[in-house]
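Student: What follows is a single structure, and I will ask about it in a moment.
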Amino acid sequence: MPRAFADITFTDSVKAAQSLYGSRDANRGFELAEDGRHEIGPREAQFISARDSFYQATVGDNGWPYVQHRGGPAGFLKVLDERTIGYADFRGNVQYLSVGNLMGDERVSLILMDYANRRRLKIWGRARIVHEADEPELVARLEDPSYRAPVERGIVITVEAWDWNCPKHITPRYTVPEVEVMLEQLHAEIADLKAQLANR
6 MPRAFADITF TDSVKAAQSL YGSRDANRGF ELAEDGRHEI GPREAQFISA
56 RDSFYQATVG DNGWPYVQHR GGPAGFLKVL DERTIGYADF RGNVQYLSVG
106 NLMGDERVSL ILMDYANRRR LKIWGRARIV HEADEPELVA RLEDPSYRAP
156 VERGIVITVE AWDWNCPKHI TPRYTVPEVE VMLEQLHAEI ADLKAQLANR
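Numbering (this note's numbering), first residue to last: 6 to 205.
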């Protein structure tokens with residue numbers, strides 16, 4: 006069984022590029038792997054649930070790809086089961102590029118980043134748009150009660166493949182809460198050293 010992502014992405018053109026640049030043999034292992042990586046495991050579920058943003062690619066009717074940044078409180082991208090993820094889609098700039106693309110082509114690709122720890126998860130799937138009027142219970146599962154932005158629709162994605170990506174070239178970046186935790190530790194160490202000096 007090939008890795009599901011290789012089955013999707015290793016097209017004839019990609020294989021030709023691998024042959025041209027000398028990596029075809031190294032990449033054959035993905036086509037012979039026993040773990041298809043099309044179901045979300047505990048490690049992937051934990052990673053997905055901790056993210057506060059991701060990048061989403063869709064394809065327009067004219068064949069052009071479109072990449073959009075999606076953000077929200079940590080955990081806004083929900084793991085619904087081992088093959089399904091989804092998120093509440095909030096009102097934005099009302100261009101509806103991603104939504105319109107998904108109406109014509111359900112295929113979607115996501116990249117989830119953990120810059121601080123230099124980790125990256127890629128997900129391929131098929132998305133469908135859900136509305137509260139039609140599936141209120143499903144949309145309710147996607148909502149975050151603490152984030153009071155108006156939900157226009159839900160996006161539910163059936164996962165076709167996932168893969169962890171190489172950490173090389175990921176520049177560490179930190180969120181404000183991550184920096185605050187580091188500063189708290191430094192302040193505690195400084196206070197401890199000051200106390201030691203005062204008691205001498």
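For every residue, glycine included, the Cβ atom is placed at its ideal position computed from N, Cα and C. Since the model is a prediction, treat every value here as computed from it, not as a measurement.
Kindly list the residues whose CB is nearer than 6 Å to the CB of ARG158, restricted to its own chain and excluding five residues on each side of it in sequence; keep chain order.
Tutor: Here residue 158 refers to the residue found at position 153 of the sequence shown. Answer for ARG158: ASP94, ILE134 and HIS136, listed in chain order.
Student: LEU85 and GLY91: beta carbons closer than 8 Å?
Tutor: In the sequence shown, residue 85 corresponds to position 80, counting from 1. In the sequence shown, residue 91 corresponds to position 86, counting from 1. Yes, they are a contact pair.
Student: Taking ASP30 as part of the alpha helix (DSSP H), name the residues at either end of that continuous run.
Tutor: Against the sequence shown, residue 30 aligns to sequence position 25. Run containing ASP30: 29 to 37, per the alpha helix (DSSP H) assignment.
Student: Quick one: Cα of ALA203 to Cα of GLU194, how far?
Tutor: For the purposes of this step, residue 203 is taken as residue 198 along the sequence shown, with counting starting at 1. For the purposes of this step, residue 194 is taken as residue 189 along the sequence shown, with counting starting at 1. In a straight line, the C-alpha of ALA203 is about 14 Å away from that of GLU194.
Student: Exposed or buried, what is THR63 when buried is set at 16 or more other beta-carbons lying within 10 Å of its beta-carbon?
Tutor: In the sequence shown, the residue the question calls residue 63 occupies position 58. Counting Cβ neighbours within 10 Å, THR63 comes out buried, since at least 16 surround it.
Student: For the stretch 185 to 199 and the stretch 109 to 124, state whether three or more C-beta atom pairs, one from each stretch, are separated by less than 8 Å.
Tutor: Verdict: no, contact absent.
Student: Is SER24 buried or exposed, if buried means 16 or more other CB atoms sit within 10 Å of its CB?
Tutor: By 1-based counting over the sequence shown, the position of residue 24 is 19. Exposed is the call here.
Student: Ignoring anything shorter than 3 residues or poking outside the stretch 123 to 204, list the beta strand (DSSP E) runs there in chain order.
Tutor: Complete beta strand (DSSP E) runs here, min 3: 124 to 135 and 156 to 169.
Student: From PRO7 to ALA38, what distance separates their C-alpha atoms?
Tutor: Counting from 1 along the sequence shown, the entry for residue 7 is found at position 2. Counting from 1 along the sequence shown, the entry for residue 38 is found at position 33. Distance between the alpha carbons of PRO7 and ALA38 is about 5 Å.
Student: Based on the DSSP secondary-structure assignment, which residues constitute the bridge partners of LYS20?
Tutor: Stepping through the sequence shown from its first residue, residue 20 is reached at position 15. Per DSSP, none; premise fails for LYS20.
Student: Looking at the secondary structure, which residues open and close the beta strand (DSSP E) in which GLY105 lies?
Tutor: Mapped onto the sequence shown, residue 105 falls at position 100. No beta strand (DSSP E) holds GLY105; the alpha helix (DSSP H) holding it covers 102 to 109.
Student: Could you tell me whether the Cβ atoms of ASP168 and PHE10 are closer together than 8 Å?
Tutor: Here the question's residue 168 lines up with position 163 in the sequence shown. Here the question's residue 10 lines up with position 5 in the sequence shown. Yes, Cβ-Cβ distance for ASP168 and PHE10 is below 8 Å.
Student: Please classify HIS74 as buried or exposed, where buried requires at least 16 other C-beta atoms within 10 Å of its C-beta.
Tutor: Walking along the sequence shown from the start, residue 74 turns up at place 69. Exposed, since its Cβ has fewer than 16 Cβ neighbours within 10 Å.
Student: In the DSSP output, which residue or residues are listed as bridge partners for PRO70?
Tutor: The count along the sequence shown starts at 1 and reaches residue 70 at position 65. In DSSP, PRO70 forms a bridge with VAL64.
Student: Whose C-alpha, out of TYR179, ASN98 and PHE81, is nearest the C-alpha of SER151?
Tutor: Counting from one through the sequence shown, the residue named residue 151 turns up at place 146. The residue with the shortest Cα to Cα distance from SER151 is PHE81.
Student: Span of the alpha helix (DSSP H) holding ILE53?
Tutor: Along the sequence shown, read from residue 1 onward, the residue named residue 53 stands at position 48. Note, ILE53: alpha helix (DSSP H), 47 to 55.
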